[in-house]
Amino acid sequence: MPGVEIAILLFDGITALDAVGPYEALAMMPEAHVRFVAAERGAKRSARNGALALVADHTLAEVPHPDVILVPGGPGEAVIRKDPQVLAWLRAAHETSRWTTSVCTGALTLAAAGFLDGIEATTHWASMDDLAALGALPVTERVVIRGKVITAAGVSAGIDMALRLAQLEAGDDIAMAIQLILEYDPQPPFDAGSPAKAPAHVMEMVQDRRRRRAGG
261 MPGVEIAILL FDGITALDAV GPYEALAMMP EAHVRFVAAE RGAKRSARNG
311 ALALVADHTL AEVPHPDVIL VPGGPGEAVI RKDPQVLAWL RAAHETSRWT
361 TSVCTGALTL AAAGFLDGIE ATTHWASMDD LAALGALPVT ERVVIRGKVI
411 TAAGVSAGID MALRLAQLEA GDDIAMAIQL ILEYDPQPPF DAGSPAKAPA
461 HVMEMVQDRR RRRAGG
């Protein structure tokens with residue numbers, strides 16, 4: 261089939277926007293064919309109380325050589341990072357992909373697959389140490405392109421990454437047209453979207469919440 265085949269990996273415990281944000285942008289590229297894939301077909305529940313499900317219509321084996329690989333993040337990423345079937349598919353698909361990408365903690369799975377050894381990459385700010393422990397060189401940039409590997413920082417950065425990928429695949433005008441159609445013109449009510457900008461007490465509140473979730 262002509263065009264660009266894009267495989268977005270799904271799993272239980274996914275952060276939905278990591279997958280859906282890029283999907284909305286990439287699906288608008290000319291001749292784009294987006295496949296939601298997983299080890300097994302079916303609904304994969306989101307990390308937010310499982311209230312939202314995304315459906316994998318294809319198994320990994322059914323999409324062996326996508327042009328673009330996208331690995332989202334979320335609490336469930338810690339499971340797929342150690343899944344031999346997922347890692348084997350990623351390694352084989354990466355050999356022929358044009359682009360291998362991640363959003364948020366999906367970078368940890370790319371690192372576990374061996375794609376980020378000694379390579380600059382980004383992920384969610386709270387997972388930078390984990391990324392380093394897996395052999396990558398963490399950088400605090402929103403989107404990092406190193407060769408054919410593209411990593412995006414936390415959650416919403418996936419939209420930025422998808423627009424950059426659309427630019428690389430289809431050119432500036434197409435990427436700008438997609439941005440316009442999405443009306444992606446962020447004007448957040450607060451300037452607190454990174455640890456460098458958030459007030460100290462808000463940062464502590466978030467860190468405390470994370471510690472309680474981890475049982476610490």
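According to the working numbering, the sequence shown holds residues 261 to 476 in order.
The beta-carbon is built from N, C-alpha and C at its ideal position, and this holds for glycine as well.
Q. Between the C-alpha atoms of Thr-360 and Ala-307, what's the straight-line distance to the nearest angstrom?
A. For the purposes of this step, residue 360 is taken as residue 100 along the sequence shown, with counting starting at 1. For the purposes of this step, residue 307 is taken as residue 47 along the sequence shown, with counting starting at 1. Looking at the two C-alpha atoms, the distance is approximately 23 Å.
Q) How about Ala-381 and Val-346: do their beta carbons lie closer than 7 Å? A) For the purposes of this step, residue 381 is identified with residue 121 of the sequence shown, where counting begins at 1. For the purposes of this step, residue 346 is identified with residue 86 of the sequence shown, where counting begins at 1. The answer is no: Cβ separation not under 7 Å.
**Q.** Inter-residue Cα distance where the pair is Pro-332 and Ala-393
**A.** Position 72 of the sequence shown, counted from the start, is the residue given in the question as residue 332. Position 133 of the sequence shown, counted from the start, is the residue given in the question as residue 393. So the alpha carbons of these two residues sit roughly 19 Å apart.
Q) Is the distance from the Cβ of Thr-369 to the Cβ of His-325 below 7 Å? A) Along the sequence shown, one-based indexing puts residue 369 at 109. Along the sequence shown, one-based indexing puts residue 325 at 65. Taking 7 Å as the Cβ cut-off, Thr-369 and His-325 do not qualify as a contacting pair.
**Q.** Three or more C-beta pairs below 8 Å linking the region 294 to 303 and the region 426 to 440
**A.** no
Q. Roughly how many angstroms separate the alpha carbons of Val-462 and Ser-387, rounded to a whole number?
A. Along the sequence shown, one-based indexing puts residue 462 at 202. Along the sequence shown, one-based indexing puts residue 387 at 127. Cα-Cα distance, rounded: 18 Å.
Q) How about Ala-353 and Ile-379: are their beta carbons less than 7 Å apart? A) For this step, residue 353 is matched to residue 93 along the sequence shown. For this step, residue 379 is matched to residue 119 along the sequence shown. For Ala-353 and Ile-379, no; Cβs fall outside 7 Å.
Q) What three-state label does DSSP hand Gly-487 in the structure shown? A) The requested residue 487 does not occur in the structure, where the chain is confined to residues 261 to 476.
Q: Pull up the distance between the alpha-carbon of Asn-309 and that of Gln-467, whole angstroms please.
A: What you label residue 309 is simply residue 49 of the sequence shown in a count that begins at 1. What you label residue 467 is simply residue 207 of the sequence shown in a count that begins at 1. Near 20 Å, if we compare the C-alpha coordinates of Gln-467 and Asn-309.
Q: Tell me the start and end of each unbroken beta strand (DSSP E) in the region 327 to 403 that is at least 3 residues and wholly inside, in chain order.
A: 328 to 331, 359 to 363
Q) Is His-293 helix, strand or coil when you go by DSSP? A) Along the sequence shown, one-based indexing puts residue 293 at 33. If DSSP states are grouped into helix, strand and coil, His-293 belongs with the strands.
Q. According to DSSP, is Ala-285 helix, strand or coil?
A. As a first step, residue 285 is located in the sequence shown; it is residue number 25 there, counting from the start. Correct three-state label for Ala-285: helix.
Q. Should Met-421 be labelled buried (16 or more other beta-carbon atoms within 10 Å of its own) or exposed?
A. The residue labelled residue 421 in the question sits at position 161 within the sequence shown. The residue is buried, with at least 16 neighbouring Cβ atoms inside 10 Å.
Q) In this structure, does DSSP put His-318 in helix, strand or coil? A) Against the sequence shown, residue 318 aligns to sequence position 58. Looking at His-318 - three-state DSSP - the assignment turns out to be strand.
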